[in-house]
Structure formats: C-alpha cells, structure tokens
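Chains as they are written, first to last, in my numbering: chain A, 5 to 449; chain B, 111 to 429; chain C, 3 to 445.
Note that the Cβ used here is the ideal one computed from N, Cα and C, for glycine as well.
Predicted model, so just to flag it, every value in this text is computed and none were measured.
For reference, the structure is listed below as structure tokens.
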Amino acid sequence: MTNRYQKLVSAGPAKEVAKRLGLPRPAELRRYRPSEPLVPGPVLVLGSGASAEPVSEQLLAWGLDVYRHQPQGRRLGAVIVAYDDVSHPGDLADAALELGPAVRQLAPSGRVITVSRPARAGDAPAVAAARRGVEGLLRSLARELRGGATGNGILLAEGVGAGAPSALAALRFLLSGRSAYVDGQFLSVGSENGAAPEDWDRPLAGRVAVVTGAARGIGAAIARVLARDGAKIVAVDVPAAGGALTSVANEVRGTALQLDITRADAGHLILEHALERHGGLDIVVHNAGITRDKLLVNMDEARWKSVLAVNIESQLRMNEAFLGAGRDGLRIVSLASTSGIAGNRGQTNYAASKAGVMGMVEASAADFAAIGGGINAVAPGFIETDMTAKVPVPTRAVARLLMPSLMQGGLPVDVAEAIAFLASDAAAGINGETLRVCGQSLIGR
Amino acid sequence: MSVVEDRRTIVLDQAPPLARSYAAAARKAAASAVPGLGRSARGAGGQELPPVAHRVGGVRAERSRLARYQRLMGDTLRDSLPSVFVHGLAFPIAMGVLVADDFPLPLLGMVHLANRVEHRRTIGADEALTVTAWAENLRPHFAGTQVDVVAEVSAPGGADGDASAAGAGSDVVWRGVSTYLARGVDAPGAVRPQRPSRPDFDAPMRTGQWRLPADTGREYASILGDWNPIHLSSLSARALGMKRHIAHGMYSAGRALASTAPVAGGYTWSIEFEAPVFLPATVQFAVADAAEAGPGALQFTGFKRGASRPYFSGTVAPR
Amino acid sequence: MASSAPSAPQHPTTGARTVRDAVVIGGNRIPFARANGKYADASNQDMLTAALDGLVARFGLQGERIGAVAAGAVLKHSRDFNLVREAVLGTALDPATPAYDVQMACATGMEAIGSLANKIKLGQLDSAIGGGVDTTSDAPIAVSEGLRRVLLEFSRARSGKQRLAALSKFRPKDLAPNAPGTGEPRTGLSMGEHQALTTAAWGITREAQDELALASHQNLAAAYDRHFFDDLITEYRGLSRDNNLRADTTLEKLGTLKPVFGKDLGSKATMTAGNSTPLTDGASAVLLGSEEYARQHDLPMLANFVDFEAGAVDFVHGREGLLMAPAYAVPRLLERNGLTLQDFDFYEIHEAFAGTVLSTLAAWEDEDFCRNKLGLDAALGPIDRSRLNVAGSSLAAGHPFAATGGRIVATLAKLLHEKGSGRGLISVCAAGGQGVVAILEAR
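Right under this line is the structure:
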C-alpha cells in the first residue's frame with residue numbers, strides 16, 4: 005500500500021522533478037512475506053564486541069552470507085555492529101569508520117543494527133559515555149539512511165549474552181521486513197528468558213491471542229498478522245462494530261467476542277471465552293482505543309473520561325483479572341502512542357492515557373514476569389488508518405512526509421508486526437518496554 | 111321437482127347464443143313497453159307459462175374457460191366443475207326459455223332474487239352434459255311477479271343422490287332453481303302479497319373481505335358469457351335505468367362457494383340477493399357454522415359496513 | 003431393518019427423549035430495522051448472509067461443513083428460489099454445506115429449527131443452522147396477473163400470428179404492478195383485521211394491550227442495558243439495536259395512538275400501531291448440534307430443543323381466529339411431554355399483536371374454550387405473567403416474519419442457560435391460521 009504522492013514521485017517524469025526540487029521521495033518499504041529472504045543481501049558484521057561471534061553463527065545458521073569485512077562489489081543486506089564491549093568513547097571509532105563505507109553499499113531497505121549494552125547509573129563515566137554514544141551514533145545514522153533502510157539497536161542487559169533467545173529474536177525481527185517502519189529504536193533485552201520458535205514463519209503456532217478493538221484499522225491488522233503467525237484469534241470489539249468484527253474474525257478464522265472493554269467484568273469475560281472456546285489464553289493485545297481531541301481549555305468531562313476509561317483504565321482492570329487468574333506465560337502487548345511520548349496539541353486526554361500505558365507497562369513488568377509472562381507496549385507514530393484519515397490534509401501531509409526519517413506514514417501492518425514480535429515466546433526476555441513504530445519521527449526521543 | 115308430464119321438451123342442437131337472446135329480449139322490450147307503471151304480463155292467457163322445456167345435449171365445459179373461472183373466483187384449478195360454472199353452462203338454455211315469444215315476462219329489467227341448487231355429485235370437467243331448462247311457478251311478489259327458472263343437468267355417469275330421469279340413461283347431477291322478479295309487472299287479476307316484515311340486519315362477525323374492481327362484471331361476462339349490460343359498465347347500466355353497474359349475482363355466489371363448498375362430493379346451496387352490489391365495491395363477507403341446516407352446513411353473508419340489509423346471504427350443506 | 007425386528011412399529015416411549023439431545027449452541031441475528039429504513043438496500047440474501055456470517059464469527063465456524071442450513075423467507079423474489087443455499091455460498095462456511103429453504107409463514111424459523119433439531123436427535127445431522135429472514139423494504143413486486151399471462155402466452159407462441167394474438171390480450175390496466183400484502187388470500191382480510199376480530203371476541207381491552215406493549219419495550223431495553231444481546235446480535239449497516247425499540251415509551255404515549263385495525267368495530271377498536279408489530283426487516287440464525295458435536299468443538303450448550311408441535315385452525319369459515327393455532331398446539335405438546343402450562347420458567351409468546359398474546363392467554367384460562375375447543379377436562383389456567391417475554395418480544399423488537407423464530411429460540415436458550423435450570427415454552431402464530439410451539443430446557 006502506498007499513498008498517491010509516493011506513487012507519483014517514485015516513477016516517470018514526476019520522479020525527476022521531485023528529485024530536482026529536493027522533494028522527499030519516500031521509498032517503498034520492504035515488508036515481511038513468509039518464505040522471502042530475511043535480508044536482501046549478505047550481512048556484514050563489524051565491531052569487536054563479544055556478540056560478533058554468536059551473532060555471526062546465528063546468521064549463518066539462518067542461511068545468510070556473513071562477512072567480517074566488506075565484500076567487494078556486493079550490495080549489503082545488513083550491517084551489524086558489535087559495540088557491546090565499548091568502555092570509552094574512543095572505542096566507537098574503528099567500527100564507525102568501517103560502517104560509513106559499508107552504508108554506501110547498503111541495498112534498498114537494508115538494515116544497520118548495533119548490539120550494545122545500556123548505560124546504567126553505576127557505570128564508570130567513560131563506559132556510560134561510550135554506551136550512550138552508540139545510541140547517538142545509531143539514531144543519527146538512521147536519519148542518514150535512504151531507500152527504506154533503517155537503523156536500530158539491541159541493548160543487552162548486563163549478564164545477557166547476544167545468544168540469548170530474545171536477543172536473537174530481536175535481531176531477526178530487526179533484520180526482517182517485519183520491522184519495516186521501526187527506525188532509530190533500541191530494543192532492550194533484559195533476560196535470557198524465552199525460546200526460539202520451531203518455525204520462524206509461524207512463531208505463534210498454537211497460541212490463543214485476544215485482540216481488542218479488532219474490528220478495524222490497526223486492530224484488524226494485528227488480528228491478521230497474529231493469525232498469519234499461527235495464533236488462534238479472539239477478536240474483541242464493541243457490539244456497535246459487530247459487522248466489521250465479524251469480517252475480521254471470519255477472515256482470520258477466529259472467534260468474535262462483542263464486548264465493551266470498559267465493563268467491570270471485561271477481563272473475566274475474555275478469560276471465560278478464551279478458556280472455554282479455545283482452551284487457553286496466551287496473548288492479549290490491548291489495542292482498543294479512542295480519541296476525543298480538544299484543546300484542554302475546551303475539554304469537557306465526557307471527552308476526558310471516555311478516553312481515559314477506554315485507553316488505560318480498562319487495561320489496568322483487565323490486567324488485574326488476568327494476573328488474578330494466574331495465566332502462566334501470558335504475554336501482554338499494549339498500544340501506546342508517540343503522542344504519549346512527545347505530546348500533541350489537542351490531545352491532552354489521549355496523551356495522558358497513552359503515557360499512562362507506558363507507565364503501566366513498566367510497572368507491571370515484574371508481576372507478569374512472576375507468572376512467566378511479560379508486558380510491553382508499542383507506540384505507533386503516524387499510521388495510515390481510518391482514524392488518521394480524519395486528520396486535516398495539510399497536517400497529515402506534514403506528519404507523513406517531513407517528520408519521520410522514512411518520509412512516509414506507516415501502515416497498520418507495521419504496528420502489527422512489532423506487536424506479533426513482542427507477543428511471541430522468543431521475546432520473553434523483553435519486558436516492560438515500549439517499542440516505537442514511527443519511522444523515526446522527529447517528535448520525542 | 112322434475113319435469114312435469116305435460117311439459118313438451120324441445121331438443122335444440124346447441125345452446126342459443128346469449129347475445130342473440132339479449133337482442134331478442136331488447137326487441138321484445140321495445141315492442142311491449144308501455145310507459146309508466148302498471149305493465150301487465152302480456153298476451154292472451156298471459157298468466158300462463160309456456161309448457162315447454164328446452165334441452166341441449168353434449169354440453170361440455172371448455173377447459174381454458176374453466177381455468178379462467180376458477181382463477182377469477184380464487185378457487186383451485188380442478189377437473190371438477192364448480193356449481194356456479196355449471197349454472198353458467200345451463201344459463202344460455204334457460205335464457206332461451208325466457209326470451210321465447212310466448213314467455214309472459216320481460217327479460218330485461220328482471221331482478222335475480224335467489225338460487226337454490228342441488229349439486230348432487232362431483233361433476234367431471236370432461237363429462238358430456240345434457241341441460242334441460244324450463245320456467246315454472248309464476249306467482250305474485252310484493253313488488254311484481256316472480257318466476258322460477260329450473261335447469262336440470264344430467265350426465266350419463268349417474269348420480270349418487272336421488273335420481274330423476276331427465277334423459278334416457280342419464281341421471282340429474284345438478285339441479286338449479288333461479289328465482290327472478292319482474293318488478294312492477296302483474297298477471298291479470300293477481301294480488302300482490304304484503305311485503306314481509308324484515309328483521310333488522312345484525313351484521314355478523316366478518317371472516318373475509320372482497321375488493322371488487324369496476325371491471326368485475328366484465329371479467330365474469332367474458333368467462334361465462336352473461337353480457338347483460340347492467341353488469342358491464344356504469345354507462346351501459348345507466349342506459350337501463352340503473353344508478354351504476356352491479357356485480358352478477360352469480361359472481362357473488364361463485365366467490366362465496368369458492369370458500370365454503372365441499373371440494374368433493376355433492377352439496378346443496380342457496381343464496382338470496384337482497385341488495386345490488388354496485389361496482390366497484392368492498393364486500394364484507396362472513397361465514398359461520400349453520401348446524402340447524404344440517405351437519406357440516408355453513409351460512410354465509412355478504413354485506414356492506416353499516417348497511418341495513420345484506421347484499422346476499424345463503425347456506426351450503428354437504429349432501 | 004433386521005429381520006428380527008418386531009413387525010409392529012414400536013414407539014420406544016412417548017415424547018422425544020428416546021433419541022439423543024439436540025442442543026441449542028447459540029444464535030445470531032442482525033438488529034431488526036423498521037421497513038424502508040436502515041436496510042432498505044439489503045435483500046433477503048444479503049441479510050441472511052450477514053446473520054450467518056455473524057454466527058460463524060461468534061462460534062469460529064469458518065470453513066466448517068455444517069450438516070445442514072435450513073431457513074426461509076415469507077416474502078420471496080422468484081430469483082430467490084434457492085435463497086438459503088445462495089446465502090451459505092456467500093458466507094465463510096465450507097461451500098460443501100447443504101442448505102434448503104423452508105416456508106411456513108411467520109413460523110418459518112421455528113419449523114426450520116425444529117425439523118433440524120429432529121434430524122440431530124435422529125443422528126442424521128451432527129450440526130445444523132436454522133433461521134429465517136424477511137424484508138418488506140426489498141419486497142418482490144410482481145407484474146399484474148393479466149400482464150403475466152400475456153407474457154407467458156407470448157413466450158409460448160410459436161408463430162408471429164400467435165404472438166400477435168397473445169399481445170392483443172394486453173390491457174393498459176395490466177401495467178399496474180402487484181405488491182405483496184399481508185392479507186390472507188382466502189379471506190382478503192389483513193392479519194391485523196383478523197386479529198381485531200379475535201381481540202374483540204375475547205374482550206381484550208386497549209389498556210391490557212398497551213400494558214403488554216410497554217412491558218415488551220421495557221424488557222427489551224433492559225436486556226440491552228445488561229448486555230444480554232452482546233452475544234446474540236451483530237451490528238449490520240450501522241444499526242446495532244432494533245430500531246423499533248422505544249425505551250422511553252409510556253402508557254400515556256401508547257394511549258394517544260389511534261386504532262388502526264378493527265375500525266369497523268367502532269368504539270370497540272383497540273389495536274393501534276403501538277400494540278401491533280410494525281413491518282420490519284431482519285434475519286436470524288441459530289446453531290444447533292448434538293452434545294458430542296458441541297463438546298468436540300468446545301462450543302457452549304445453552305439449552306436442549308426438547309420438542310415442538312405445529313397447529314392450524316379453520317379461520318376461513320370463521321370457526322377460529324386466524325392467529326389462535328398455538329392455543330391448540332400447546333395442549334398437545336404439553337400432553338406429549340407430560341407437562342402442565344404452569345411447568346415453565348419462561349414463556350416466549352410471539353407478539354404479532356398484543357391482542358394475540360392476550361387472546362391466547364385468555365383462551366387457556368377459559369374453561370369453556372379448553373373443554374369444548376381443546377377437548378380438555380379443565381382450563382389450562384393462567385401463567386405467571388412475570389415470566390412472559392422477559393427479554394422483550396416482537397412488539398418492541400419488530401417482526402421480520404421468518405426471522406422471528408430464530409430470535410426467540412436464541413433468546414430463550416440464553417435465558418435458560420443464565421438461569422441454569424428449568425424450561426421455556428415458545429409459541430409462534432403464523433399466517434394461514436397456523437402456529438408452531440416448542441419446549442426448550444436449560445443446560
């Protein structure tokens with residue numbers, strides 16, 4: 005799916021005109037299709053970190069061409085930089101200077117991925133400086149990449165090796181088309197938990213996944229992607245969206261559960277449906293959300309309360325029910341928003357709820373870890389949906405084209421891919437995190 | 111109730127066409143019309159009915175006509191003849207009797223008062239029928255003179271009811287008596303009886319409703335051939351001094367029987383016409399059990415909402 | 003048959019308990035819409051497809067081969083000669099799912115569901131979907147009888163002369179189209195006019211009818227408010243509630259309406275648009291299965307479809323009211339199942355008109371009627387009115403003829419399942435002096 009502008013400037017005379025005028029020419033992003041190659045070319049592994057070795061081995065095991073030095077005359081599918089050993093800002097130089105020429109050879113929709121460790125309060129200042137330095141380098145490089153290429157990083161917590169299941173799963177996610185609209189982000193792997201799936205094309209096989217707000221837009225895309233990855237879907241939405249919910253449920257061969265999630269017993273009803281009809285509950289995606297935009301000076305009670313009730317309060321209540329039911333290994337993925345990170349004019353209520361989601365996720369991580377599960381959030385940036393179609397055209401054009409590094413809005417499927425990844429058992433070592441799917445928009449971190 | 115011994119039977123090759131009968135009736139009317147009231151039954155010995163019966167053999171129902179009839183009445187397409195359809199087959203022969211030169215009453219303007227019919231057994235659509243018709247029982251009525259026109263229909267197959275010989279080897283399967291009134295006509299010396307007191311009409315609970323369009327009479331005529339102008343259009347009826355055109359009495363009878371007559375076996379039925387059904391019309395229809403008229407008997411009434419007398423009423427009883 | 007079988011047919015026991023249970027798994031319908039409104043563009047096939055698809059989504063039946071789908075419509079286009087099969091082909095069900103049309107006027111849905119239940123009981127089917135659909139907005143309009151005959155004759159004509167002869171029979175008045183009415187073909191009276199006669203005969207008051215209508219609206223509204231219909235209804239074309247529902251109606255408002263039926267009864271006319279069902283569009287479907295089927299597919303079991311019985315009365319000859327057939331069918335059903343009229347926790351009596359329900363109840367309470375018409379020793383007696391149509395009925399929800407049976411069966415099955423025990427009685431009257439009644443039992 006591409007927008008009209010993108011099509012116009014990607015071909016024919018308009019392409020030349022756009023080029024000369026310096027207009028942004030968004031690239032067609034490489035998106036995941038089962039059985040297609042993980043990356044569009046060989047992978048160059050740079051850097052002297054300990055991670056270089058296990059990462060290379062895993063890449064070879066995945067059937068990729070792996071080079072430790074830039075191969076002559078070959079376009080690179082990805083460049084991975086093992087920065088996990090840097091202890092001084094000076095340590096960044098060698099790999100950085102090799103990375104420059106390599107990026108020149110990067111294929112369209114290629115990948116640059118750093119593997120490093122997060123700076124912590126107890127680190128020696130030089131160590132922390134070097135580690136944070138990786139983030140600055142990567143985020144800036146990501147803005148320099150063109151042709152749909154992205155730059156992201158994996159942060160390995162102290163004691164977690166690059167061979168940890170979630171580190172490898174994160175690596176695979178970032179290499180693949182699943183992360184098409186994830187750019188300039190760091191995925192933090194906090195533990196060695198998790199297990200690689202038997203089949204990377206069906207990582208959710210046998211899992212029962214509940215998706216709220218599944219009737220339309222991002223929710224429908226989530227249901228489709230989770231189903232594609234093998235999950236049995238319980239599609240939840242309000243009765244008023246029943247017709248669309250039916251279509252989605254029938255398309256993904258799941259069941260439709262008409263339910264207002266603000267009901268006090270919503271969590272219980274979801275559990276009951278999932279257990280009785282599908283014999284389990286493994287994944288819950290808190291996607292249902294509403295906007296009732298208004299400047300705060302004009303905000304009324306109904307607008308404020310309904311947004312908070314749907315977008316965050318319902319999630320808190322349902323999570324309590326799920327934790328109370330002790331569903332071992334339950335993985336939750338909640339929808340946050342870049343508005344909740346950077347703020348957005350007219351969205352005080354919405355941003356409060358979405359920032360609240362991120363707070364909830366961080367604070368709930370330990371509780372879900374205790375039952376062998378996990379909870380994370382995904383914060384979409386500008387995504388082309390029915391909801392954003394209501395944004396005025398100029399605002400939309402700016403949001404879509406100028407702000408993100410990828411110079412385009414994302415698609416619902418991009419958000420869904422990130423959610424599917426975080427919902428998988430392989431991502432069990434990632435907990436309490438918020439992953440942005442924003443094409444590296446300018447707003448926020 | 112059978113042909114009296116001294117009545118002479120005239121056997122005709124075929125039924126006289128109704129159009130010719132109506133034309134003859136019109137000529138007769140023109141010749142004998144005396145302006146104003148007080149017309150008398152004409153001719154010497156005018157109180158006498160001619161002692162003749164007309165008979166036509168080999169009368170058969172036309173299948174397509176039967177189908178159109180059954181459709182018009184909302185009845186089911188069957189291979190047996192509805193009672194009113196049999197009446198329609200016999201009607202031209204009966205008319206032949208009424209328009210004969212020596213028949214003492216004017217046909218045009220005669221009012222159909224009642225019918226009593228014995229439909230003695232199921233009559234197949236393929237049966238060759240013999241129709242014998244005559245007039246009898248000329249008698250005064252409070253408004254003029256009335257006469258019964260009897261038609262007997264016999265078939266070779268025999269009747270399962272009481273058999274009265276109407277032709278060699280045949281039994282009467284259908285016998286109808288139609289009573290007509292020549293309004294304002296008196297036989298010489300006849301004394302009209304008092305108008306009987308009529309009980310107030312108490313409309314029964316309706317069980318149905320007929321909506322009769324303006325062309326009801328033309329539809330009926332196109333099937334059974336009774337092109338009497340009083341049924342055809344407002345204009346043709348006014349030409350004969352009517353306010354508007356009216357439904358055929360036998361149309362009402364046919365509709366009533368379509369929902370009340372037994373679908374198999376014989377039955378007797380009767381109908382009395384009390385008020386003309388001016389077209390178009392909405393007729394309220396009521397059926398009810400009439401145990402006093404025999405087991406399985408039904409009575410029916412057609413009426414107009416709020417009217418002081420019904421359009422018609424009658425009974426049907428299985429034989 | 004094995005040669006050792008006894009020569010005389012043996013009825014193993016009375017009632018329908020000798021064979022396996024037929025279980026109501028659940029139901030789905032689209033909200034019912036007043037005619038010429040929200041669903042004005044939708045055909046019977048469209049609506050039935052939507053109802054079936056919603057059922058498929060609710061129970062995850064995508065790609066499933068269901069034993070049989072039986073449904074129907076009262077008002078049908080000639081193009082809908084295979085309505086249900088065509089609808090099935092448009093759903094997410096396995097295209098190898100057989101389907102057939104049933105038609106029994108307003109009892110179409112009940113007859114479809116009941117006969118499917120029988121097949122399940124007999125082991126002929128493991129799963130089945132029964133239901134119905136009707137639209138008065140997209141009703142078939144036929145050419146006049148005259149034009150139709152001219153056209154038929156024309157098409158049969160072999161020569162130009164014959165064709166000319168056929169065309170010569172055409173009359174301008176034949177151009178007027180025929181729309182279907184709700185009139186009884188044999189009497190020419192509309193259903194409402196028929197019921198007006200019955201209502202008057204039983205002396206049912208205007209107040210009693212309005213009270214029943216009010217209760218229907220209040221009960222339906224309350225059921226929506228407690229989310230009762232969340233798993234019984236699927237939004238369609240922007241409508242997520244029956245739009246005939248007037249949650250805020252009052253006896254005063256109902257009392258201001260003028261009579262629309264039985265106006266010939268003068269001051270005794272009691273039937274208004276408020277205590278009669280409006281013309282409505284909608285569709286419903288009910289999933290039935292054997293116990294094993296439900297268990298194997300992890301599907302809920304709401305109630306057993308215990309038994310059903312059809313009845314008919316002679317309204318043509320004025321011997322009984324058009325919509326009184328259930329009054330006759332119920333005692334036979336009770337007798338067969340060894341029950342009394344009071345042995346039920348719920349009564350679902352279809353509200354074709356408030357007068358229909360009240361006349362039926364009055365008849366059952368009437369000693370004379372029960373003795374002379376039903377041949378019983380005594381009156382069937384009164385029912386506990388607090389158990390009547392507790393989740394609303396047709397006066398509030400509307401009545402898309404063939405879809406009503408599916409609405410009632412699914413509603414009652416869920417009510418029984420919620421209660422966890424007991425049984426319910428269904429009574430649905432139908433055009434042509436017919437009716438179907440049924441018993442459901444909680445699971």
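DSSP state of residue i mapped onto helix, strand, coil
i	result
C2 (chain C)	Any question about residue 2 (chain C) goes unanswered here, given that chain C covers just 3 to 445.
A249 (chain C)	coil
Q436 (chain C)	strand
F201 (chain B)	helix
R160 (chain C)	coil
I428 (chain C)	strand
N3 (chain A)	Residue numbering for chain A in the displayed model covers 5 to 449; residue 3 (chain A) lies beyond these limits and cannot be assessed.
S113 (chain A)	strand
S180 (chain A)	coil
P339 (chain B)	helix
K78 (chain C)	coil
Partner residues on chain C for residue i, Cβ-Cβ distance less than 8 Å
i	result
G404 (chain B)	Chain C residues near G404 (chain B): none, gap ~15 Å exceeds 8 Å.
A213 (chain A)	Going along chain C, no residue has its Cβ under 8 Å from A213 (chain A), so there is no contact; the nearest lies around 13 Å.
G246 (chain A)	G56, I235, T236, E237, Y238, S242
Residue i: contacting residues in chain C (beta-carbon distance under 7 Å)
i	result
A129 (chain B)	The contacting residues do not exist; A129 (chain B) stays about 20 Å from chain C at best.
T250 (chain A)	D55, G56, A59, T236
For residue j and residue i, the rounded distance between their alpha carbons
i	j	result
A56 (chain A)	I117 (chain A)	12 Å
P416 (chain A)	L290 (chain C)	37 Å
L378 (chain C)	V439 (chain C)	18 Å
A151 (chain B)	D296 (chain B)	Confidence is the limiting factor: at A151 (chain B) the pLDDT is only 47, short of 50, which leaves the residue's position unreliable, though a coordinate-based value still follows. A151 (chain B) and D296 (chain B): Cα-Cα distance of roughly 6 Å.
D281 (chain B)	L122 (chain B)	19 Å
Q409 (chain B)	E369 (chain C)	27 Å
L77 (chain C)	Q319 (chain B)	22 Å
A244 (chain A)	L334 (chain A)	29 Å
L187 (chain B)	Q180 (chain B)	6 Å
W284 (chain B)	V196 (chain B)	8 Å
G153 (chain B)	D211 (chain B)	In this predicted model, G153 (chain B) has a pLDDT of only 40, less than 50, meaning its place in the structure is not dependable; the value taken from the coordinates is given anyway. Near 10 Å, if we compare the C-alpha coordinates of D211 (chain B) and G153 (chain B).
A129 (chain B)	A136 (chain B)	11 Å
Identity of the residue in the options nearest residue i by Cα
i	options	result
Y36 (chain A)	A:D233, A:V301, A:A292	A:D233
R226 (chain B)	B:R249, B:P250, B:V287	B:V287
L182 (chain B)	C:G408, C:E147, C:L442	C:E147
G94 (chain A)	A:G137, A:E102, A:L172	A:G137
P351 (chain A)	A:G378, A:L312, A:N323	The amino acid occupying residue 351 (chain A) in the given sequence is Gln; Pro does not appear at that position. Taking only the C-alpha atoms, the option nearest Q351 (chain A) is A:L312.
V259 (chain B)	B:A140, B:R130, B:V221	B:V221
Cβ pair residue i, residue j closer than 8 Å
i	j	result
Y41 (chain C)	R248 (chain C)	no
G81 (chain A)	A111 (chain A)	yes
F422 (chain B)	S362 (chain B)	yes
S192 (chain A)	A161 (chain A)	yes
M106 (chain C)	A285 (chain C)	no
Proximal residues of chain B, C-beta to C-beta of residue i below 9 Å
i	result
V318 (chain C)	T317, G318, S369, T370, V397
Proximal residues of chain C, C-beta to C-beta of residue i below 9 Å
i	result
R415 (chain B)	D266
A374 (chain A)	Within chain C, no residue comes near A374 (chain A); the closest Cβ sits about 29 Å away, beyond 9 Å.
Chain B contact residues for residue i, given Cβ-Cβ distances below 8 Å
i	result
R188 (chain C)	G184, G318, S369
R373 (chain C)	Chain B residues near R373 (chain C): none, gap ~18 Å exceeds 8 Å.
Chain B residues whose Cβ lies nearer than 7 Å to that of residue i
i	result
L259 (chain C)	Chain B residues near L259 (chain C): none, gap ~22 Å exceeds 7 Å.
Near the ligand FAD: residue i beta-carbon under 7 Å from a heavy atom
i	result
F34 (chain C)	No copy of the ligand FAD appears in this structure; indeed no ligand is present at all.
Contacts that residue i makes with chain A (C-beta to C-beta distance below 8 Å)
i	result
G65 (chain C)	R257
Interface partners of residue i on chain A, CB under 9 Å
i	result
P302 (chain C)	E280, R281
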